[in-house]
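1 is the number of the first residue of the sequence shown in our numbering; add one for each residue after it.
For reference, the structure is listed below as C-alpha cells.
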Amino acid sequence: MHSETHSDAHSPGEGAARIQERLQKDLVRVREALHTLLLPPHSRIREPLLYSVENAGRLLRPTLVLLASYLLDREEGGRTDHRVIEGAAVVETLHIATLHHDDVIDEAQIRRGKPSINAKYGNAIALLTGDYLLARCMEGAAALGRTELVVMAETLTDMCVGQMLESSQLHDPTRSEADYFAAISGKTARLLRTAAAMGALQSQAADGEREALEAFGHNLGMAFQIWDDILDICSRETGKQQAKDILNGVYTLPVIYAVQDSGIRLETILREQPLSAEQCGEAVALVQETGAIARAAKVAQRYTDDALRAVETHPATASHAPVVRRCLSDLVGSFAAQHPALRALSDAA
1 MHSETHSDAH
11 SPGEGAARIQ
21 ERLQKDLVRV
31 REALHTLLLP
41 PHSRIREPLL
51 YSVENAGRLL
61 RPTLVLLASY
71 LLDREEGGRT
81 DHRVIEGAAV
91 VETLHIATLH
101 HDDVIDEAQI
111 RRGKPSINAK
121 YGNAIALLTG
131 DYLLARCMEG
141 AAALGRTELV
151 VMAETLTDMC
161 VGQMLESSQL
171 HDPTRSEADY
181 FAAISGKTAR
191 LLRTAAAMGA
201 LQSQAADGER
211 EALEAFGHNL
221 GMAFQIWDDI
231 LDICSRETGK
241 QQAKDILNGV
251 YTLPVIYAVQ
261 DSGIRLETIL
271 REQPLSAEQC
281 GEAVALVQET
291 GAIARAAKVA
301 QRYTDDALRA
311 VETHPATASH
321 APVVRRCLSD
331 LVGSFAAQHP
341 ALRALSDAA
C-alpha cells in the first residue's frame, strides 16, 4: 500500500532520531492545543486547569496518537496535520480528567512528584475540574467528527467499567489474573487503544489499518499498566507513594502471583485491614521474594511483543515499524531504568 520512501534507505536508528525530533515538535503543538481546548474564559477558575496542563507529564497517550499517524505516513518528513494534533489533545484531556477523579477516590496526595490536584485545591475543585475536562474532551471530539465523538464516549464508558470492576474487588486477596486483566483492559488499555485509533482516524486509515493500530495500542496499554504496577511496589523514583496500591487494597498482577506462590503467608497479611506500615513492608518483601515481579514482567513483555507484531505484520504499517520500535525502546527504557526486572524489556522493544 505504501510506495518505498527515502526513509527505507536509512537505518532504524537514523529514522528514529528523525521521528524523535518530529515527535518533540509535535508534542509542543499538543501542549498548545491543550491550552486552547481547556482554558476557560473566566480567569478566576483558570489556576487549577493550568496546574493540570502544566503538570501533564510525558504525554504518553498523545505520543501514541502521533506514532500511529507516523506509522501511516505516506510522505517523508511531512508536517503533521492539525487534526492529528487536536485528536492528541482530546485524548490527553480525557486522561487528565480521569486522573483528577482517581486521585479523589484514592485520597492521593502526590502526582508526578508534586501535590495532586485534590491535595492542592481540595476535593470539590478536583471533581469539578475533572467534570469540566470531560465536557471539553467531548466538545473537542465533536469538533473532529461524529465518529471521534462516539469513540471517545465509548472509551469513557469502558474506562468507568474497568475502574468499577477494580473497585468491586478492593482488599480481595482472591482476585484472579482474569479479574485483573478485565479491569486494566478497560481502565488503562482502552484509552491507549483509542489513542492509536485517533491517530488512524485523522490519517484516513482503512478499517484494517485502524484495527492493526488498535491492537498495537491495546497491547501496549496492557504492558504499561503492568509495568506501572510493578513500579508501584518496587520503585521509590516514580513520584508516588511506594506500595500505594497494596495499602488501598488494589491487588495487582505481581501481588496476585505472589499470593499464588507464597502459600497462605501473603493472603493472611492482606486479610488484616487496615495494613500497618510494617505489614505493608512484609507484603512487599513477599512479592519480591516469590519471583512475582519477574513473572509479571514477562507478561508485560508478551504484550509488548504482540503490540509490535500487530504493526510489523500489517502491510500499511510495516515499512515504518522498525523506526517506531526504536522509539518505543527509548520509552520503555524510561520505565526499565527504575527496576532491574524491566531492563530486559528496553533491549527487546
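Glycine included, C-beta positions come from ideal geometry on N, C-alpha and C.
- Under the three-state reduction of DSSP output, Pro62 falls in the helix class.
- Taking one beta carbon from each stretch, the stretch 208 to 228 and the stretch 169 to 176 have fewer than 3 pairs nearer than 8 angstroms; the two do not touch.
- Secondary structure of Pro48 (DSSP, three-state): helix.
- Per the Cβ contact rule, the stretch 160 to 171 is not in contact with the stretch 196 to 205 (fewer than 3 Cβ pairs under 8 angstroms).
- The residues Lys244 and Asn248, in chain order, have a CB closer than 8 angstroms to that of Asp106 in the same chain once the five nearest residues on each side in sequence are set aside.
- DSSP places Leu275 outside any alpha helix (DSSP H), giving it a letter other than H or E.
- As DSSP reads the structure, Ile110 sits in a beta bridge with Pro115.
- Bounds of the alpha helix (DSSP H) holding Asn219 are Asp207 to Cys234.
- Between His95 and Arg61, the gap from beta carbon to beta carbon is short of 8 angstroms.
- With fewer than 16 neighbouring CB atoms inside 10 Å of its own CB, Gly78 falls in the exposed class.
- Approximately 4 angstroms separates the beta-carbon atoms of Val84 and Gln202; this is inside 8 angstroms, confirming the contact.
- Within the same chain, Pro173 and Val259 come within 6 angstroms of Glu267 by CB-CB distance, once the 5 residues on both sides are set aside.
- Leu165 and Lys187 have their C-alpha atoms spaced approximately 9 angstroms apart.
- Of the other Cβ atoms in all chains shown, 16 or more fall within 10 Å of the Cβ of Asp103; this residue is therefore buried.
- Under a 10 Å Cβ-count criterion, Pro315 is classified as exposed, with fewer than 16 other Cβ atoms of the shown protein chains found around its own Cβ.
- Listed in chain order, the non-local C-beta contacts of His100 below 6 angstroms within the same chain comprise Ile117, Ala126, Thr129 and Gly130, local neighbours out to five positions each way being set aside.
- For Ala296 against Leu253, the beta-carbon gap comes to about 4 angstroms, under 8 angstroms, which counts as contact.
- Going by DSSP, Gln163 is part of the alpha helix (DSSP H) stretching over Arg146 to Ser167.
- Three or more pairs of CB atoms, one per stretch, sit closer than 8 angstroms, so the stretch 52 to 67 contacts the stretch 27 to 42.
- Around the beta carbon of Leu275, a 10 Å sphere encloses 16 or more other beta carbons of the protein chains shown; the residue is thus reported as buried.
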